[in-house]
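Written out below as structure tokens is the structure these notes cover.
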Amino acid sequence: MSVETENVTEIDDDHVDKLAAELGESIAQLPVYQEFLQAKAKVENDADAQRAIEEFEQLREEFQMARQTGQATQEDLRKVQEAQEELHDIASMSEYLELQNELEARLAEINDLVSEQLEVDFGEKAGGCCQD
14 MSVETENVTE IDDDHVDKLA AELGESIAQL PVYQEFLQAK AKVENDADAQ
64 RAIEEFEQLR EEFQMARQTG QATQEDLRKV QEAQEELHDI ASMSEYLELQ
114 NELEARLAEI NDLVSEQLEV DFGEKAGGCC QD
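Residue 101 in our numbering is what sits at position 88 of the sequence shown, and the numbering runs on without skipping anything.
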């Protein structure tokens, strides 16, 4: 990605928006992003993975409702954890999760590069106002 400066003394919002769009387009071309999309499609088309996702989501929802009413047990938690382990053991899901982690790491690196220029780390600020 090249940035042409055409003797710009003041950068306007449109120019920054254009650069941001170019950054997004470049990120979309990264091999790790393309691999992530392929892994996501595999999970979406894997009947076993979809069944396991539905089962896990159902158990997790039931557990959360039981926890809110004070009815959750250790056995309920164990069932949710087992369903999650079974889901993660499916090859397509395992690959998807690995690539998701790799993509998140790459995006964090990009965030760090942008933040260095601003002397602000927006990735650290997840909410709230002024933090020391």
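Glycine included, each C-beta is placed from N, C-alpha and C at the ideal position. From a predicted model like this one, the values you see are computed outputs, not experimental measurements.
Output the distance between the C-alpha atoms of residue i and residue j, rounded to the nearest integer angstrom.
| i | j | result |
| --- | --- | --- |
| residue 111 | residue 29 | 33 Å |
| residue 131 | residue 125 | 10 Å |
| residue 61 | residue 97 | 13 Å |
| residue 109 | residue 80 | 29 Å |
| residue 24 | residue 31 | 11 Å |
| residue 87 | residue 63 | 26 Å |
| residue 44 | residue 27 | 28 Å |
| residue 78 | residue 99 | 22 Å |
From what residue to what residue does the alpha helix (DSSP H) around residue i run?
| i | result |
| --- | --- |
| residue 74 | 60-81 |
| residue 50 | 44-57 |
| residue 25 | Taken as a continuous stretch (DSSP letters only), residue 25 belongs to no alpha helix (DSSP H), as it is neither H nor E. |
| residue 96 | 87-102 |
Closest Cβ-Cβ distance between residue i and chain C: below 7 Å?
| i | result |
| --- | --- |
| residue 39 | In the structure shown, chain C cannot be found, because there is only a single protein chain. |
Taking 6 Å as the line, does the beta carbon of residue i fall inside it for any heavy atom of the ligand GDP?
| i | result |
| --- | --- |
| residue 52 | Ligands are entirely absent from the displayed structure, and the ligand GDP is therefore not among its contents. |
Can you say whether residue i is buried or exposed, counting buried as having 16 or more other CB atoms within 10 angstroms of its CB?
| i | result |
| --- | --- |
| residue 33 | exposed |
| residue 65 | buried |
Pairing CB atoms from the stretch 71-79 with CB atoms from the stretch 48-62, are three or more of them under 8 Å? Under the three-pair Cβ rule at 8 Å, the stretch 71-79 does not count as touching the stretch 48-62.
State whether the stretch 100-120 contacts the stretch 56-67, with contact taken as three or more CB pairs (one from each stretch) at a distance under 8 Å. In short, these stretches touch, since the Cβ pair count reaches three.
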